[in-house]
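Peer 1: Okay, so the sequence shown: first residue is 1 according to UniProt numbering, each after it adds one. Just passing along the structure, written as structure tokens.
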Amino acid sequence: MTLCLSRTVSYPGQLGAALSSRSAVDSWEEISVMDERNIPMRTYQVCNVMEAYQNNWLRTRHIARDGAQRVYIEIKFTLRDCNSLPGVPGTCKETFNMFYYESNNVNQWYIKESNYIKIDTIAADESFTQVDVGDRVMKLNTEVRDISNLSKKGFYLAFQDLGACIALVSVRVFYKKCPLTVLNLAQFPDTVTGGDSALVEVRGVCVNASEEFEAPRMYCSADGGWLVPIGRCVCQPGYEEQMDVCQPCKPGFYKASAADAYCAKCPPHSSSHLERASECVCEKGFHRAETDPRSMSCTRPPSAPENAISTVNETCVTLEWSPPRDTGGRGDITYSIHCRKCSGENGKCSSCGSGVHFVPRQFGLSAAMVMVTDLQPHSNYSFTIESLNGVSDLSPSPRAAVMVNVTTSQTVSVVLKERRSKDSVTLAWQGPDRPSGAIVEYEVIYYEKNQREQNYTVLKTRSNVMTVDGLKPGTTYVFRVRARTPGGYGSYGGEIELETNMLAIGDPNQSTILAVSIAGGIILLIFLVACFVVSGRHCGYIKAKQDPDEEKMHKTYIDPHTYEDPNKAVRDFAKEIEASSIRIERVIGAGEFGEVCSGRLRLQGKREIYVAIKSLKAGYSDKQRRDFLSEASIMGQFDHPNIIRLEGVVTRCKPVMIITEFMENGSLDTFLKKHDGQFTVIQLVGMLRGIASGMKYLSDMGYVHRDLAARNILVNSNLVCKVSDFGLSRVLEDDPEAAYTTRGGKIPIRWTSPEAIAYRKFTSASDVWSYGIVMWEVVSYGERPYWEMSNQDVIKAIDEGYRLPAPMDCPVVLHQLMLDCWENGRSERPKFDQIVSTLDGLIRNPTKSKPCIQTHTDQSRDIRNPLPSREDPTTPEFTVSTVEEWLEAIKMGQYKDNFSSAGYVTLDSCNQPNLSNPLVNEPISSMRAQCFTYFLIFFAS
């Protein structure tokens, strides 16, 4: 530790110049003596020990503090032992006092004794006892005291003798400071220590081509030493630290940032020729983009794409190519497409204009594929495919590109002749006049005129004549033909409508068809009466409770993921809607891809309807857009009253939207929690029946949902339940027992069958397991399956045979159906058509829906006590003859007056066309539709 003496009050030989004495009698005397080395020195002495009541003062001149808040006083003195003085009175002292007085006055002569502040009473460690004649032997004492918190210009010191024999040899006044130093490339100046042992914070200054990385600071301690430094300086760009000094980078090296520790060698294709380089200059032909780090190699534009091919499909061209062989040393390769239409007469080409569309886009493509649509038929086009990277705009050279020439196809001409019978049609057509290549084959599609166009059949032939067999007699079919050349398919020719012949009189099949027609008419009549009974606004509900899916469904689901072009799947299965037809009113939630809103849809010639609108959030990727629209491609293939209905999509402008029917009551689990205990068992069964009907429809189409749960069931204002959320759904193969194996992703454990959890295999049987969980959710009014058990505990409990117990007031037959759905073997579980039949029987025979005799307590949740399987008790056959009896049977006897006042007492009276609104005052309007629906189901049976 270095001590800095800024001011010494006195040294030996100078004491008299700094001190002055004052006493009533004899005071301090200035005496010159010789030290042990025979060097003369001046002292101040006083020794009036023979007289009592001594008060002798010695004061210094004004001492400037020079900014110091704390000063130290070192005094050297000798003191005579009172016992060595014979005859001395008892008033002899062996101590003296030291005082100070702060003052801004440098020439203050008089200071009152009372104004002084006492520093300390000084006593000698050693005292002398005698003085030999001719030789004075003195024992020096040294004492150091300090004064803190000084604030004025300076101070005076004073010494008070009260009757001692003492000699002051020297008085030295000094303060301490931390010396100038350089540490971590930062210089810290001389700093005076603080008062009262306080630390003084000092900010350093960066030196020697350095700059602050973190503000350099150190603390000066009261002892005059620097404490551990905080922060540091670092060498500027172009310099590196060596031996605590910033040295310039050598040629061929650089340092781009002060945060870098050392100079680095120039990256490839760059160099530096001078010292202190902060960046290396790129070689000729190479470049560095503004966003590239300085440490990155200089790069160049890529070479042209390779192996470009085209596939023509009508007026659509798909271009594909391989990445460039030379990427220029970069990974940010993109592609741009330029289109030119060429005249066949003079070979001149001009820009295609805005009428041609590129999917996904024309510029900035990341994938090596693009589809160009809306081209003109039988025309020549030239496409230039450029490959670009981050430095392409910096290069003066032309961009590398590959050119592809294509010719769009021409349509097949109209049919020339045809021959018809009761079950077949023979077609003949003429091929294109100027095909773009040899005709490979013709494709013929046909469908019934009164059916949706998606239910078509595809036939192929190399001839321009074909006989289509297996048609229905007296039915009109629509036929379309197109040709395929090596360049792809051409456009379809115009639609041709042909009707097969009627059956002749006496045909053995005529009676069968007549019987089927009569039966169909009766069913249709019952359905129309049902709709009219409940009133027009509840027709949708009645339809949902009927069985249009009871008939064999010939339609098969087509997986949109099998399409090479996902956009074609959307066009095939979803209707494009103009954005101007949609009015968004409010946000009702958020989905995986963006917001979900409610609003209104008004299509030309149709009434305005409420719809739900899913929008794709901004900044989406191509994959997110495909995944978002794939749900529309799936929903668009379904047409069932218990499947959420797709109204259409918006893809030609942003945001991309999916429009579905609006379900006023939201998700089933939330709806049940809000109305806990407010429904009859029959009403809950009706909800379950609608869900089962929708799942039967999906199963008949060869489709697996994979995420069937109450949260994915939507409820409208008439309590119609509809299956929704097809994000996890996948299609089955032709084999009904085939399973879809997932490629990863989350599985809803509490709703998933054991084989799907263990092997990631999903079938309609696994959907049946999930349906059993949905049944439990509905009867328990939205309670969480397996309560607070963890997923691992659920898996373990199921493997050990545990099954969910019956919810409170659950009928035995319903819980038994749940247990059947939870059979461990897939083949032992019921099919959805069996589930629908069971629930229909329960609706028609309400006495089966009485609650379980025993109500299971919470101990049934113990996985160590699996719930045993229950047998469905035998129930006597149920018959009713009046509406009153039926209402009493389904626990709705409180409504008999409403029916009676409306004139409906017998079942036959319900055939009257004016049956409407008998429960108009019922606060839950949906209960009315529910009651009528079950009544009509019973009546129709």
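C-beta atoms are modelled at their ideal positions from N, C-alpha and C, and glycine is treated no differently. The structure displayed is predicted, hence computed values, not measured ones.
Below 9 Å between beta carbons: does that hold for VAL402 and THR373?
Peer 2: Taking 9 Å as the Cβ cut-off, VAL402 and THR373 do not qualify as a contacting pair.
Peer 1: Beta carbon of LEU150, beta carbon of ARG70: below 9 Å?
Peer 2: Yes, these two residues count as a Cβ contact at 9 Å.
Peer 1: Would ILE609 and GLU647 be called neighbours here (beta carbons separated by less than 9 Å)?
Peer 2: Going by C-beta atoms, ILE609 is nearer than 9 Å to GLU647.
Peer 1: For PRO473, list the residues DSSP reports as bridge partners.
Peer 2: Answer by DSSP bridge pairing: none, since PRO473 is not bridged.
Peer 1: If we count Cβ pairs, one from each stretch, closer than 8 Å, do we get three or more for the stretch 199-217 versus the stretch 92-111?
Peer 2: Touching, no, given that fewer than three Cβ pairs across the two stretches are closer than 8 Å.
Peer 1: Suppose only complete runs of 4+ residues qualify. What are the alpha helix (DSSP H) ranges in the stretch 192-250, listed by chain order?
Peer 2: Taking only runs of at least 4 residues, no alpha helix (DSSP H) segment lies wholly in the stretch 192-250.
Peer 1: Kindly indicate which three-state DSSP category ILE795 falls into: helix, strand or coil?
Peer 2: Three-state result, ILE795: helix.
Peer 1: Would you list the residues sitting across from LEU319 in a DSSP beta bridge?
Peer 2: According to DSSP, which records beta bridges pairwise, LEU319 is partnered with SER310, VAL370.
Peer 1: I need the straight-line Cα distance from CYS178 to MET218, nearest angstrom please.
Peer 2: When rounded, the distance between both Cα atoms is 11 Å.
Peer 1: How far does the alpha helix (DSSP H) with THR838 in it reach, from first residue to last?
Peer 2: Run containing THR838: 832-844, per the alpha helix (DSSP H) assignment.
Peer 1: Which of the three DSSP states is assigned to ASP132 in this structure?
Peer 2: With a pLDDT of 42 at ASP132, under the threshold of 50, the modelled position of this residue cannot be trusted; read the value that follows with caution. Here ASP132 sits in strand by DSSP.
Peer 1: Quick one: what's got a C-beta closer than 8 Å to PHE726's C-beta in the same chain, skipping five residues either side?
Peer 2: Around PHE726: GLU631, ILE634, MET635, HIS705.
Peer 1: Could you have a look at SER351 and say whether DSSP puts it in helix, strand or coil?
Peer 2: DSSP places SER351 in strand when its eight states are reduced to three.
Peer 1: Could you tell me the alpha carbon to alpha carbon distance between ALA367 and LEU394, rounded to whole angstroms?
Peer 2: Spanning the two alpha carbons is a distance of roughly 23 Å.
Peer 1: Measure the C-alpha to C-alpha separation of VAL46 and ILE117 and round it to an integer number of angstroms.
Peer 2: If I take the Cα positions, the gap works out to 22 Å.
Peer 1: Where does LEU528 sit, in a helix, a strand or coil, going by DSSP?
Peer 2: Here the model assigns LEU528 a pLDDT of 43, short of 50, so the residue's position is not dependable and the matter cannot be decided.
Peer 1: What's the C-alpha gap between VAL359 and ALA428?
Peer 2: Each residue's alpha carbon lies about 36 Å from the other.
Peer 1: So the beta strand (DSSP E) LYS341 belongs to, where does it begin and stop?
Peer 2: Its beta strand (DSSP E) spans residues 334-342.
Peer 1: Give every residue of the same chain whose Cβ lies closer than 6 Å to the Cβ of THR318, excluding the five residues on either side of it in the sequence, and list them in chain order.
Peer 2: Same-chain partners within the cutoff: THR311, MET371.
Peer 1: Output the distance between the C-alpha atoms of ILE111 and THR181, rounded to the nearest integer angstrom.
Peer 2: Those two C-alpha atoms are separated by around 42 Å.
Peer 1: When the Cβ atoms of the stretch 603-618 are set against those of the stretch 674-692, are three or more pairs found closer than 8 Å?
Peer 2: Flag = no, the stretch 603-618 and the stretch 674-692 do not touch.
Peer 1: What separation, rounded to the nearest whole angstrom, lies between the Cα atoms of GLY252 and ASP223?
Peer 2: Using only the alpha carbons, I get a separation of about 49 Å.
Peer 1: Taking all protein chains shown into account, do 16 or more other C-beta atoms lie within 10 angstroms of the C-beta of ALA259, making it buried, or fewer, making it exposed?
Peer 2: By the neighbour-count rule (16 or more Cβ atoms within 10 Å), ALA259 is not buried but exposed.
Peer 1: Using a Cβ-Cβ cutoff of less than 7 Å, which residues in the same chain neighbour SER424 once the five nearest sequence positions on both sides are dropped?
Peer 2: Excluding positions up to five away in sequence, the list reads THR467, VAL468, ASP469, LEU471.
Peer 1: Considering only their Cβ atoms, is the gap separating GLU777 from LEU668 smaller than 9 Å?
Peer 2: Cβ atoms of LEU668 and GLU777: closer than 9 Å.
Peer 1: Starting from PRO40, trace the beta strand (DSSP E) both ways and give me its first and last residue.
Peer 2: Segment 40-46, the beta strand (DSSP E) holding PRO40.
Peer 1: Would you tell me roughly how many angstroms separate the C-alpha atoms of ALA590 and ILE749, rounded to the nearest one?
Peer 2: Using only the alpha carbons, I get a separation of about 23 Å.
Peer 1: Return the first residue and the last residue of the beta strand (DSSP E) that ARG59 is part of.
Peer 2: Start and end: 56-60.
Peer 1: Check whether the stretch 235-242 and the stretch 163-179 are in contact - that is, three or more C-beta pairs closer than 8 Å.
Peer 2: Because the criterion of three Cβ pairs below 8 Å is not met, the stretch 235-242 and the stretch 163-179 do not touch.
Peer 1: What residues in its chain sit with their C-beta under 6 Å from that of LEU804, if we drop five residues either side in the sequence?
Peer 2: Taken in chain order, the residues that qualify are TRP776.
Peer 1: If you draw a straight line from the alpha carbon of ARG340 to that of VAL406, how long is it in whole angstroms?
Peer 2: One C-alpha to the other measures close to 11 Å.
Peer 1: Output yes or no for whether 9 Å exceeds the beta carbon distance between LEU388 and PRO301.
Peer 2: Yes, Cβ-Cβ distance for LEU388 and PRO301 is below 9 Å.
Peer 1: I'd like the list of long-range same chain contacts for VAL650, defined as Cβ closer than 6 Å, with 5 residues on each side in sequence excluded.
Peer 2: Closer than 6 Å at the Cβ level, and outside the excluded window around VAL650, lie ILE577, ALA579, MET657.
Peer 1: Tell me which same chain residues have a C-beta within less than 7 Å of the C-beta of ASP676, skipping the five on either side of it?
Peer 2: Closer than 7 Å at Cβ, skipping near neighbours: TYR781.
Peer 1: Assuming the contact rule is C-beta atoms closer than 8 Å, LEU814 and TRP751 should be a hit. Round their C-beta distance to whole Å, please.
Peer 2: With a Cβ gap of about 18 Å, LEU814 and TRP751 do not count as contacting.
Peer 1: Under 9 Å, do ARG248 and ALA186 count as touching if we go by C-beta distance?
Peer 2: Reading off the sequence, residue 248 comes out as Pro, not Arg. Not in contact: PRO248 and ALA186 (Cβ atoms no closer than 9 Å).
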